[in-house]
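This report concerns only the one structure given below.
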Amino acid sequence: MDASAVAEYLKENPGFFEQYADLLAEIFVPHPHGGRAIPIAERQIVTLREKNTQLETKLQELIQYGTENDAISEKLHRSTLALFAAPDLETTLGVLYHSLQDDFRVPQVALRLWGRVPEQSYMPELAATSQELREYAAGLGTPYCGTQAPFESRDWFDAHATLKSFAFLPLRTHHTFGLLGLGMGTMYLTRLAELASVATARFLPQS
1221 MDASAVAEYL
1231 KENPGFFEQY
1241 ADLLAEIFVP
1251 HPHGGRAIPI
1261 AERQIVTLRE
1271 KNTQLETKLQ
1281 ELIQYGTEND
1291 AISEKLHRST
1301 LALFAAPDLE
1311 TTLGVLYHSL
1321 QDDFRVPQVA
1331 LRLWGRVPEQ
1341 SYMPELAATS
1351 QELREYAAGL
1361 GTPYCGTQAP
1371 FESRDWFDAH
1381 ATLKSFAFLP
1391 LRTHHTFGLL
1401 GLGMGTMYLT
1411 RLAELASVAT
1421 ARFLPQS
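Position in the sequence shown (from 1) plus 1220 gives the number in the working numbering.
This is the structure in structure tokens:
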């Protein structure tokens, strides 16, 4: 009889050790962390302790993730309240930049809006953009994350900053009217895009 047959027999006959209870005290197995032999009952205790340690580690990880998610949710909620309390486009953009850079630690933030623009045409966010960039933004189904900044968007960021990666979030409600660029080394990009879209769209003339 080979080892697998013995194991199968014991699984199918759980009453075996009830009939031969003294046998448990006579069986010795190798210690998992040393060469010495220990009773099988002690081996079970070691296994249970290891499983308990693993469960405690998993629980600590879940608690940590929960705490981090709560902190992110609180920051996003605070940003939402501030954005919708902003009285004009200029203040809204200032709040958006401050939140992304201070709360979410995004090193570089840039944004462009197009279409029918309001009177604050002096704002850099309302500067002219190429047709290629507008078509690129309109074609983004989800935020882009990668190492390249499309078309002229690389010029939106500090030329002296060492940016390893970029995220570009299309701003849209019924149609695409802008592009939010993040120069980084983030999460919740889709929610940030929706939040920025709704917040800024209030101040743009509707076509």
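Ideal placement from N, C-alpha and C gives every residue a C-beta, glycine not left out.
For residue i, count neighbouring Cβ atoms within 10 angstroms of its own Cβ and tell me buried if that reaches 16, exposed if not.
i     : result
G1401 : buried
L1331 : buried
A1219 : Outside the shown range of the chain, which is 1221 to 1427, sits residue 1219, and nothing can be said about it.
T1349 : buried
G1405 : Summary for G1405: the model assigns pLDDT 49, below 50, so the residue's position carries little reliability, and this model does not support an answer.
L1268 : exposed
S1373 : buried
L1282 : exposed
S1224 : exposed
S1319 : buried
L1391 : buried
A1227 : exposed
K1231 : exposed
Let me make sure I understand the geometry here. Which of the options has the alpha-carbon closest to that of residue i?
i     : options                       : result
Q1328 : R1336, W1334 and Y1317        : Y1317
W1334 : L1399, E1228, L1282 and T1300 : L1399
A1302 : V1315, Q1368 and S1293        : V1315
L1309 : L1275, E1228 and E1345        : E1345
K1384 : V1266, G1286 and G1366        : G1366
I1247 : D1322, N1233 and E1262        : E1262
P1250 : T1273, Y1285, S1293 and V1266 : V1266
Using the DSSP secondary-structure output, state which residues sit across from residue i in a beta bridge.
i     : result
S1385 : M1404
L1391 : G1398
Thinking C-beta only, is residue j closer than 8 Å to residue i?
i     : j     : result
P1363 : A1413 : yes
F1324 : K1278 : no
H1403 : F1386 : The displayed chain sequence assigns Gly, not His, to residue 1403. Against a cut-off of 8 Å, the Cβ pair of F1386 and G1403 comes out as a contact.
A1306 : T1312 : yes
A1347 : T1396 : no
L1389 : A1369 : no
F1377 : L1353 : no
A1421 : T1382 : no
P1425 : R1298 : no
* Every unbroken beta strand (DSSP E) within the region 1305-1380, with a cutoff of 3 residues, ordered by chain -> 1328-1333 and 1364-1366
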